[in-house]
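Please read the structure below before turning to the comments.
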Amino acid sequence: MNILKFLTAGSVDDGKSTLIGRLLYDSEAILVDQLEALQRSNRKNDDGTIDLAILTDGLKAEREQGITIDVAYKYFQTEKRKFIIADTPGHIQYTRNMVTGASNSNLAIILIDARKGVIEQTIRHSFLVALLGLPQVVVAVNKMDMVDFSQEVFDKIVEDYKILAGKVGLKNITYIPVSALKGDNIVHPSVRMPWYKGDSLLAHLETVEIPVDTQSDHARFPVQWVVRPQTEELHDYRGYAGRVSSGSFRVNDKVTVLPSGFSSTISKIELLDKEPEAALAGMSVTLHLKDEIDISRGDILVSSANQPHTSQRIEADLCWMDTKALDTTHTYLVQHNSKVTRCRIQEILYKVNINTLEQEFDEDFRLNDIGRIVIKTADPLAFDLFQNNKANGGAILIDSRTNVTVGALMFRANAD
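Throughout, my numbering is defined as the position within the sequence shown, counted from one, plus 7.
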């Protein structure tokens, strides 16, 4: 049974938390103690029913204000699939939280209030989903009960959103009219919208195809640890432990070690007490090579037939996450997989106004700002472009003075 990781995004009061609560409640994925706490709660909807948003509003401030502040993760499963849900905030000041929730997701549910249609925050969230390269998008037109379940209203929103999707570059979009409050088309098909012939939201989530990289293409293995027991029994043992970030490796595959550029052949793969013929993406293994090469933590083993870029000047999209503004005179740390090296922000190419999608040429880079920069690293990084291989195309910026993560990077071009 595979796992689908998805996020919900939308404007304030679009009903993200209620939608997730309804999904959990109607699919009977709530534990007994959660159900009892829900029934004891004094938070009610206008019609007297229980406010299902309580299931995801974990922080005290969220419960008091009725808003989502931090990313809330929920887990449930059906007979067909397991799910990890990231309920992300809608407020503009929590853009960094949404980026965090989206970074590991396979699918985004973008909620639109049927009464309001496509608004500025819809543009912002759609841009972020496109920026992070999520392969599947569901546009859930919520609160259909407040527009008399009108097909005309739904069709107009779909028409408007298709224009936006073309501008930001979103593909594989599914449109579903729902009422999270009443339960229409969340788990069960709606009898009040007979004009809609598609699947309910849960049925779509259970069957949507998520691409899995099981081929050797883009084979990448960041080295976490060099295993050298140096005991009498294992005197000549030398293995390289880590996690296959993308692609796959097989015994006798020719690999190249970057950034040094030396090549060898895989002689053995170890997985606990087994020796499989192949290591697939996501597997933590120990690789052995036929040749003795000087390899350290932070190096990366790649397919010799399909190598990434190696450079010290990289053009990247940056989402700034710190309350302190970006300082181009300061030396930061960049962590790419297991590699950590110093870097400087050499140039700010532009910032994106994520409400209008316009590029602004302003070097005042502050909390939640997103834009394109050029970084110069002390040591070469072996990276893929984010749009080609997310697993090896992203990194984080760290403030060397405080050790705080201050930014998320998505590599877009070799700037040499």
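For glycine and all other residues, C-beta sits at the position ideal for the given N, C-alpha and C.
Cβ-based neighbour list, residue i, same chain, cut-off 7 Å, excluding 5 preceding and 5 following
i: Asp-369; result: Lys-358
i: Glu-213; result: Thr-85, Lys-87, Arg-88
i: Thr-107; result: Val-78
i: Pro-283; result: Ile-276
i: Pro-196; result: Ser-207
i: His-343; result: Leu-388, Phe-390, Ala-402
i: Leu-3; result: Within the shown structure, residues of the chain are numbered from 8 to 423, placing residue 3 beyond reach of any answer.
i: Lys-397; result: Gly-140
Rounded distance between the beta-carbons of residue j and residue i, thought under 8 Å
i: Leu-208; j: Leu-30; result: 7 Å
i: Cys-326; j: Arg-103; result: 6 Å
i: Leu-2; j: Ala-115; result: With the chain running from 8 to 423 in the structure shown, residue 2 is simply not present.
i: Ala-93; j: Leu-14; result: 4 Å
i: Leu-188; j: Asp-152; result: 6 Å
i: Leu-265; j: Ile-307; result: 5 Å
i: Gly-22; j: Lys-150; result: 6 Å
i: His-295; j: Gly-246; result: 5 Å
i: Leu-11; j: Ile-180; result: That pair is no contact at about 17 Å.
i: Ser-253; j: Asn-399; result: 6 Å
Unbroken alpha helix (DSSP H) run spanning residue i, endpoints
i: Val-165; result: 158-175
i: Asp-33; result: 23-33
i: Thr-214; result: 208-214
Beta bridge counterpart(s) of residue i as assigned by DSSP
i: Val-230; result: Gly-249
i: Ser-267; result: Bridge partners of Ser-267: none, in fact.
i: His-337; result: DSSP output for His-337 lists no bridge partner at all.
i: Ile-377; result: Cys-326
i: Pro-184; result: Val-148
i: Ser-291; result: Arg-250
i: Tyr-203; result: Note: Tyr-203 sits in no beta bridge, so no partner.
i: Arg-88; result: Bridge partners of Arg-88: none, in fact.
i: Ser-310; result: Val-262
i: Ser-318; result: Leu-388
i: Thr-272; result: Lys-261
i: Phe-83; result: Phe-90
i: Ile-37; result: According to DSSP, which records beta bridges pairwise, Ile-37 is partnered with nothing at all.
i: Lys-383; result: Arg-320, Arg-351
i: Ala-398; result: Answer is none; Ala-398 lacks a bridge partner.
First through last residue of the beta strand (DSSP E) which encompasses residue i
i: Asn-349; result: Here residue 349 is Arg; the residue named in the question, Asn, does not match the sequence. From DSSP, the beta strand (DSSP E) with Arg-349 extends over 346-360.
i: Arg-419; result: 412-421
i: Glu-240; result: Premise fails: Glu-240 is in no beta strand (DSSP E) and is neither H nor E.
i: Arg-257; result: 255-257
i: Gln-366; result: 365-367
i: Ala-402; result: 401-406
i: Lys-12; result: 10-17
Close-in-space but distant-in-sequence residues of the same chain around residue i (CB under 8 Å, 5 per side omitted)
i: Val-341; result: Val-347, Thr-348, Arg-349, Cys-350, Ile-382, Thr-384, Leu-388, Ala-402, Ile-403, Leu-404, Ile-405, Leu-416
i: Thr-338; result: Arg-349, Cys-350, Arg-351, Ser-407
i: Thr-129; result: Gly-17, Ser-18, Ile-117, Ile-119, Tyr-168, Leu-171
i: Val-230; result: Tyr-247, Ala-248, Gly-249, Ile-302, Ser-303, Arg-304, Gly-305, Asp-306, Ile-307, Leu-308, Ser-345
Same chain only: Cβ atoms within 6 Å of residue i, ignoring 5 sequence neighbours per side
i: Gln-72; result: Its pLDDT being 49, under 50, Gln-72 is placed unreliably by the model, and nothing is read from it.
i: Ala-285; result: Ser-255, Arg-257
i: Met-290; result: Val-251
i: Ala-420; result: Glu-322
i: Ala-147; result: Ile-116, Leu-118, Ile-183, Val-185
i: Gly-414; result: Leu-325, Trp-327, Met-328, Leu-404
i: Ser-270; result: Thr-263, Ser-311
Chain D within 7 Å of residue i, Cβ atoms only
i: Gly-108; result: Of the protein chains in the structure, only one exists, and it is not chain D.
Proximity test, residue i beta-carbon vs the ligand ADP heavy atom, cut-off 6 Å
i: Ile-361; result: Ligands in the displayed structure: none, and consequently the ligand ADP is not present.
Uninterrupted beta strand (DSSP E) stretches inside the region 91-143 (no shorter than 3 residues): Correct list: 114-120.
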